[in-house]
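To start, the structure itself, in structure tokens.
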Amino acid sequence: MPYAAVYPLVTARAVAREFTYEVEPGVKVGSIVRIPFGRARARGIVVSLHDAPPPGVDARPIDGVLGEIPASLVELALWIADYYGSTPARALALVAPESPKRRKEQAPPGERQSLSGEDEPLELSPTQVASVARIVEAMDAGAGNLLLYGATGSGKTEVYLQACAAALERGLGAIVLVPEIALAPQTVGRVRARFGERVAILHSALTDAERRDERARIASGEARIVVGARSAIFAPIRGLGLIIVDEEHDQSYKQDSDPRYDARTVAAKRASIEGAVAVYGSATPRPESWAALERLELGGRLGARLPPVTVIDLRREAGYPLSAPLLDALRRVAENRGKAILMLNRRGIAPALHCRACGTTIRCPNCDVSLVLHGDTSMRCHHCGFERGLPSNCPTCESPDLARLGAGTQKLERELERELPELELIRLDADAVAKPEQMAISLRRF
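Okay, so the sequence shown: first residue is 626 according to this note's numbering, each after it adds one.
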């Protein structure tokens, strides 16, 4: 009877070690097993197999096999635990998340959360052709970390798609990482337009059941291309040949909670383990990427020039957040039945409520940061979620002279409705759009 070294998927550091169990023939490294653990039952991952238990160990049998992940993901998880100072169990939980049963049938997330794609271009630019050729060469060699460098609009995404097509032609899988969940619908749309149902999506906004179904499609080989945020680097693809890290300069690739990891570094390690190619794309790459990686340069924008930029000094303009030049430009957009995008990095009505009499700013009692005014009746902390009603007087001096400082997306929306009622408005922020499906619907309306 074979024996296995198993890491129980429990968070306690006191038991962060291997335990030996008696297993059935056919169990292999990467098997997910149900095990007796103390007086409870737990999931565990098989990390090695042996003909006999260690001396003095009376091994208990496992309860059963729940599933399987590639052995390469076990190696990757153990490396993450060592490199980032976490426990093996916490790192292994990244590659083998809990998989509850779905309560009802739904369309795949990639179908519900994607935008329409674009047609394949008639021909590639010379720099695109050269970049694709180098990526394919590295793929055939089974190794390589490359930096795809080019201005916004230079055609990096088309290079990604051509590289994915080359991977599929060779029977290999691909992972495409984007830094933010909000970017996933656009990327998924372009990839699905080219590769159809062979595309899966993975990110933290999926429900546990949705994630289970997508991982099952990937593990079975039904989906050979995975698009997602940083957690997609742990997709259970077999025969991985290509990893693409888009916008590689973005800090969103770092996870700051335990188990901590940087998906860009993990991508390079997984590519090394699996004999795959890692391609990092950016118009503004990190200095370490610029210095360490082989560069594939695309140059400037394809068939276009960057638009002119007008800088407005808001110290000399009244009506913040809508200056007179901005309103004039928006009126021209309305007259021409065009579209416009306004970006403001603040949610709510106003980022702070300030007393003009004593200088007090209403702050969160937990985080000591300014409470943000939401609507006309409440204030909210964007760090811990603390919420309170809108005061009519200063809590320090009782003065009613309270000023709303700055502007957020809700105030901008109200000002636009007042100044330009003929324009249809879509507000995209975490308050208005809570789920990726809602994001995709709003973007389709635009």
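Every residue gets a Cβ at the ideal spot worked out from N, C-alpha and C, and that includes glycine. In this text, all values refer to a predicted model and were calculated from it rather than measured experimentally.
A check of alpha carbon separations from VAL784 across LEU793, ILE800, ILE760, ARG817 identifies ILE760 as the nearest. The DSSP-derived three-state label of GLY821 is helix.
With fewer than 16 other beta carbons inside 10 angstroms of its own, THR935 counts as exposed. Of the residues assessed, GLN1063 falls on the exposed side of the cut-off, its CB having fewer than 16 other CB atoms within 10 angstroms. Taking the C-beta atoms as reference points, PHE644 is found nearer than 9 Å to PRO633.
The continuous beta strand (DSSP E) containing LEU865 extends over residues 865-870.
SER756 counts as buried, since at least 16 other C-beta atoms from the protein chains shown sit within 10 angstroms of its C-beta.
In the DSSP assignment, ALA893 falls within the alpha helix (DSSP H) that extends over 888-899.
About 23 Å separates the Cβ atoms of THR752 and GLY866, ruling out a contact at the 8 Å cut-off.
At least 9 Å separates the beta-carbon of LEU1015 from that of LEU969. Residue state for CYS789 is assigned as helix, using DSSP reduced to three classes. Across the set VAL652, PHE662, ILE1066, ALA908, the C-alpha of VAL652 shows the shortest separation from the C-alpha of LEU691.
Annotation: the continuous beta strand (DSSP E) that includes ALA665 extends over 665-675.
Selection ALA629, TRP704, ILE694 evaluated against ALA684 yields ALA629 as nearest (Cα-Cα).
Between ARG638 and ILE687, the alpha-carbon positions lie close to 22 Å from each other.
In the displayed model, LYS1036 falls within a helix according to three-state DSSP. In the DSSP assignment, SER948 forms no beta bridge with any residue. Counting C-beta atoms within 10 angstroms of its own C-beta, HIS999 has 16 or more neighbours from the protein chains shown and is therefore classed as buried. Your pair VAL824 and VAL852 checks out as a contact, with CB atoms roughly 6 Å apart and the cut at 8 Å. Remark: C-beta atoms of ALA903 and ILE869 approach each other more closely than 9 Å.
Taking 9 Å as the cut-off, the Cβ atoms of ALA791 and MET764 count as close. Counting only residues of its own chain and dropping the five nearest sequence neighbours on each side, ASP1026 has a CB closer than 6 Å to the CB of ARG981, ALA982.
When secondary structure is reduced to three states using DSSP, THR636 falls in the coil class, being assigned neither helix nor strand. Annotation: THR832 to LYS1060 spans about 11 Å, alpha carbon to alpha carbon.
For ASP871, the closest C-alpha among the options GLU647, VAL813, GLY864 is that of VAL813. Cβ neighbours of LEU698 within its own chain (closer than 6 Å, five residues either side excluded): VAL720. In the DSSP assignment, LEU691 falls within the unbroken beta strand (DSSP E) covering 689-693. Counted as a single uninterrupted DSSP element, the beta strand (DSSP E) harbouring LEU923 occupies residues 919-924.
In the structure shown, the three-state DSSP call for THR812 is helix. VAL754 sits in a helix when the DSSP states are folded into three classes. Shown here, MET1064 sits in a helix according to DSSP, grouped into three states. In this structure the stretch 1042-1050 lies against the stretch 953-972, because at least three pairs of beta carbons, one per stretch, are closer than 8 Å. Here HIS979 is bridged, per DSSP, to THR986, ALA1028.
With respect to the 9 Å criterion, ARG840 and PRO861 are classified as neighbours on the basis of their beta carbons. Beyond the five residues adjoining it in sequence on each side, VAL631 comes within less than 8 Å, by CB distance, of GLU643, PHE644, THR645, TYR646, VAL658, ILE660, GLY669, ILE670, VAL671, VAL672, ILE687 in the same chain, given in chain order. For ARG659, the uninterrupted beta strand (DSSP E) run begins and ends at 656-662, by DSSP.
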